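Chains as they are written, first to last, in the numbering used here: chain B, 1 to 115; chain C, 1 to 109.
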């Protein structure tokens, strides 16, 4: 596609429910990132995928958070047993590769609200 | 890994040059400085990046001091559409971008 696509754009859920967020990266981009952005703050790194390599999960805040990516295509971020502190915008980005001159292309994010 | 420091907010008159400062006094020799901006309710947008030399593209110019302890992003002729949060970020040794709170730039007519 022309850009990074994320769905849904907005998600309202009840505390304790599971949610699944989807990211469609730019075709041909081998690197894919998930970030979380709380209101008025910068981006928090969550997880990174590079091709078929093992993902870098060092930013996941708890074991309630997980993500999958099949090859170099779609990725899903799953949050189990959602808590109110999970409310944030979840941003996905892709790039051609990870390196010193990487340029990330971001989607518009999913606004998650946990009631 | 380097940490960057930016003023929380700045104003600039429409049509004037907007100069956004960033301090990165602990940056190491091989860490790039990146600038992104985020317009309300959108994902961040890449602007420019550099290592040692000044850089210019169609969006902006990046001036990096010789000691690499600070840099300035210059938007030469600011428009109302340039109102956004601007992030100065250092790319870490394991290729992660560490994001701060950025500078909220308001362009005034």
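Even for Gly, the Cβ is constructed at its ideal location relative to N, Cα and C.
Values in this document were obtained by computation on a predicted structure and should not be read as measured data.
Cα separation between residue 86 of chain C and residue 40 of chain C? On the second chain, residue 86 of chain C is found 86 positions in, with the first residue counted as 1. On the second chain, residue 40 of chain C is found 40 positions in, with the first residue counted as 1. Taking the straight line from one Cα to the other gives about 11 angstroms.
Just verifying my parser: in three-state terms, what is the DSSP assignment at residue 63 of chain B? Against the first chain, residue 63 of chain B aligns to sequence position 63. Of the three classes helix, strand and coil, the one that applies to residue 63 of chain B here is coil, per DSSP.
Are at least three pairs of beta-carbons, each pair with one atom in the stretch 105-112 of chain B and one in the stretch 38-54 of chain C, less than 8 angstroms apart? yes
Considering residue 136 of chain B, what are the terminal residues of the beta strand (DSSP E) in which it resides? The shown model of chain B, from 1 to 115, leaves out residue 136 of chain B, and the question about it has no answer.
Output the residue ranges of the beta strand (DSSP E) runs that lie fully inside the stretch 8-48 of chain B and measure 3 residues or longer, sorted by chain position. 10-13, 19-24 and 31-37
Give the C-beta separation of residue 30 of chain B and residue 96 of chain B to the nearest angstrom, bearing in mind that I take them to be a contact with Cβ-Cβ under 8 angstroms. Stepping through the first chain from its first residue, residue 30 of chain B is reached at position 30. Stepping through the first chain from its first residue, residue 96 of chain B is reached at position 96. That belief holds up - the Cβ atoms of residue 30 of chain B and residue 96 of chain B are roughly 7 angstroms apart, short of 8 angstroms.
Which same chain residues end up closer than 6 angstroms to residue 89 of chain B when comparing Cβ atoms and leaving out the 5 residues on each side of it in sequence? For the purposes of this step, residue 89 of chain B is identified with residue 89 of the first chain, where counting begins at 1. If we look at residue 89 of chain B and ignore the five residues flanking it on each side, its Cβ neighbours are 37, 109 and 111.
Looking at the strands, I want to know which residues DSSP matches up with residue 97 of chain C. The count along the second chain starts at 1 and reaches residue 97 of chain C at position 97. DSSP output for residue 97 of chain C lists C/91 as bridge partner(s).
Mind listing which residues of the stretch 58-90 of chain B have their C-beta closer than 8 angstroms to chain C's C-betas, in chain order? Only those residues of the stretch 58-90 of chain B whose C-beta falls short of 8 angstroms from the nearest C-beta of chain C would be listed, and there are none.
Can you check whether the C-beta of residue 101 of chain C is within less than 7 angstroms of a C-beta belonging to chain B? Taking the first residue of the second chain as 1, we reach residue 101 of chain C at position 101. Yes, residue 101 of chain C counts as interfacial toward chain B.
What are the residues of the stretch 43-76 of chain C that lie near chain B, defined by any Cβ-Cβ distance shorter than 9 angstroms? 43, 44, 45, 46, 49 and 51
Quick check on residue 115 of chain B: buried or exposed, where buried means 16 or more other Cβ atoms within 10 Å of its Cβ? Within the first chain, residue 115 of chain B is the residue found at index 115, counting from 1. Classification for residue 115 of chain B: exposed.
In whole angstroms, what is the alpha-carbon distance linking residue 60 of chain C and residue 84 of chain C? Here residue 60 of chain C is taken as the residue at index 60 of the second chain, counted from 1. Here residue 84 of chain C is taken as the residue at index 84 of the second chain, counted from 1. Computed Cα separation, rounded: 14 angstroms.
Nearest CA to the CA of residue 37 of chain C: which residue from C/98, C/82 and C/108? Working through the second chain from its first residue, we reach residue 37 of chain C at position 37. Ranking C/98, C/82 and C/108 by Cα distance to residue 37 of chain C puts C/82 first.
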